[in-house]
Amino acid sequence: MRETWRWFGPLDKISLNQVRQTGASGIVTALHEVPYGDVWQTKDIETRKSEIECAGLTWDVVESVPVHESIKRGDGNLDALFSNYRQTLKNLAEVGITTICYNFMPVLDWTRTTLNAPVANGGAALRFEMAEYAAFDIFMLGRESDEHTAEIIAAATKWWESSTEAQQEKLTISIMSGLPGEYKRYDASGLADELKKWSDFTADDLRASLSRFVAEIMPTAAELGVKMCVHPDDPPRHLFGLPRIFSSQEDFDYLVGLDPHLSNGITLCTGSLGANPKNDVPAFAARFADRIHFAHLRNVAGESDGSFQESEHLDGDVDLVAVVRHLLDEEARRCETSRDDLIIPFRPDHGHELLDDSELDAHPGYPLIGRLRGLAEIRGTIAGLGYAGARA
Ligand code: CS2
Ligand code: MN
4 MRETWRWFGP LDKISLNQVR QTGASGIVTA LHEVPYGDVW QTKDIETRKS EIECAGLTWD
64 VVESVPVHES IKRGDGNLDA LFSNYRQTLK NLAEVGITTI CYNFMPVLDW TRTTLNAPVA
124 NGGAALRFEM AEYAAFDIFM LGRESDEHTA EIIAAATKWW ESSTEAQQEK LTISIMSGLP
184 GEYKRYDASG LADELKKWSD FTADDLRASL SRFVAEIMPT AAELGVKMCV HPDDPPRHLF
244 GLPRIFSSQE DFDYLVGLDP HLSNGITLCT GSLGANPKND VPAFAARFAD RIHFAHLRNV
304 AGESDGSFQE SEHLDGDVDL VAVVRHLLDE EARRCETSRD DLIIPFRPDH GHELLDDSEL
364 DAHPGYPLIG RLRGLAEIRG TIAGLGYAGA RA
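Residue numbers (our numbering): 4 to 395.
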C-alpha cells in the first residue's frame, strides 16, 4: 500500500515540505481553481505535477475531477460537459496520472454539524449530531418532511429553543464546510433555495444520471487505462431531502452492474461507509477488492440516534485492521495475476485536531498533526500485518 496525503494545492496551509515529514510519498490533489465543467489543461496539470515532484513527492491520485451539478441533475448542455470530462481524463493520462476519484453527491459534499467536538484527550473531532441536523432542517431551512422521528424532533426543538444566534451561525458554517471548493458557501436561506430546485428529484433520477455518466465516461477511461473511483456518500444517507446513491453495498453493486470493467472502480472510504452500522466495511472491502483503486482510512463511532463522531483511526466501529488485511491480500492477488496496478494508494482521510493543529488553521478535517498520527497508526498496522505470516 502506498501512503498518500491530501493536499489542497498552493493555498493549502500545509506545505509540501511539511507533507514530506509525515512520511507520505504520494500526493492526492486536484486543480481546485479550475471552474467545474471546464477542461483541465495539460500545461496546468504539468505545472502542478512538477511542483509536487520538486518537493520530492509524486502526484498519485486526483481527488476529484468534479462531476458538474448539471450532470447529476441530467439537464443543461450535457454533451459539452461529458466531452470536457473525457478531455480532462485524456490530459491527465497523457502526463501519467491515471487514478481519478469523484463523487456523485448532489449539492452537498461531506456534512457535519460540528467541526470541533471535544475529545477526552483534549483534541477535537468532526461530529454529526442528529438533533442539530434536524434543528437546521426544520427551523433554519424550514423544510417540510416526514424524515425525523418524534424523539429527534423533540431534541431538535430543545436545541433550537436554547440556541444563541452565534450557535446557529456556527452550525451553518459547519454544515457548509464540506462543500466542494468551487462553491461559494451558502447561508441557510441560500441552501433552502437551492434545495427547492431539487425537491422533486428522486434517487431513481440520480441513478439515471449516473447511468448516463458511466456510459459516457467509463469506455474512455478503460481505453486510457484510467482508474475511476467513486467516493461513498458522507454520511451514507439522504440529506435534507437530497437523494444519495452511494451509501450501501447494494448501491455499489448497481454501479458495477452498469459497467463491470475494472476502470469503473471505487474509493473505499471506511469512515463514510462506517457511519451506517448496517454497512459491514471489511466485508465491503473483500467484496469489491479488485476494483478498489484508492482507500480513505479513518474511523467513526456511531450512537443510537444516528449521530456519529470521527474517532481515532484504530478505535471506532470499523475494524480497520481487518480492512487493511483485505487490501494487502488484494495486492498479493494482483501480483499473482500480473495486474499492472499492484499497489493501492491510501490516505488517512480526516484526523483529529491535536496539539498545535488549531494554530495552523488548516482545512476543517484536514489538520497536520492529527492526520500524521492517523497515518502513523495505519503504517504500523500495515507493517504488523506484513510480519510473521500474519496475512496467511
Ligand atoms: C472525505 C471527503 O468525506 C470524506 O470522507 O474524504 O472530503 C471526500 O474526499 C470527498 O467527499 C469526495 O472525494
Ligand atoms: Mn473519504
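Idealized CB from N, CA, C, for every residue including glycine.
Counted as a single uninterrupted DSSP element, the beta strand (DSSP E) harbouring Q312 occupies residues 311-314. Contact annotation: G77 and R215 have beta-carbon atoms nearer than 8 Å. D41 sits in coil when the DSSP states are folded into three classes, being neither helix nor strand. Contact holds between the segment 80-94 and the segment 25-45, because three or more Cβ pairs, one in each stretch, are under 8 Å apart. The count of Cβ pairs closer than 8 Å, one atom from the segment 323-340 and one from the segment 288-307, reaches three, so the stretches are in contact. In the DSSP assignment, Y105 falls within the beta strand (DSSP E) that extends over 102-106.
Sixteen is the threshold: since fewer than 16 other Cβ atoms of the shown chains lie within 10 Å of the Cβ of A218, the residue is exposed.
Of the heavy atoms belonging to the ligand CS2, at least one sits nearer than 7 Å to the Cβ of C104. In this structure, L378 lies near E6, with their beta-carbon atoms less than 8 Å apart. The continuous alpha helix (DSSP H) containing W163 extends over residues 153-165. Using a cutoff of 7 Å, the CB of S86 does not count as near the ligand CS2, since none of the ligand's heavy atoms is closer than that. V326 is positioned such that its CB atom lies no closer than 8 Å to that of Q312.
Residue environment analysis places R89 among the buried positions, since at least 16 neighbouring C-beta atoms fall within 10 angstroms of its C-beta. Secondary structure at F249: coil, using DSSP grouped into helix, strand and coil.
Set against 7 Å, the gap from the CB of D254 to the closest heavy atom of the ligand CS2 is not smaller. Look at D352: its beta carbon is less than 7 Å from one of the heavy atoms in the ligand MN.
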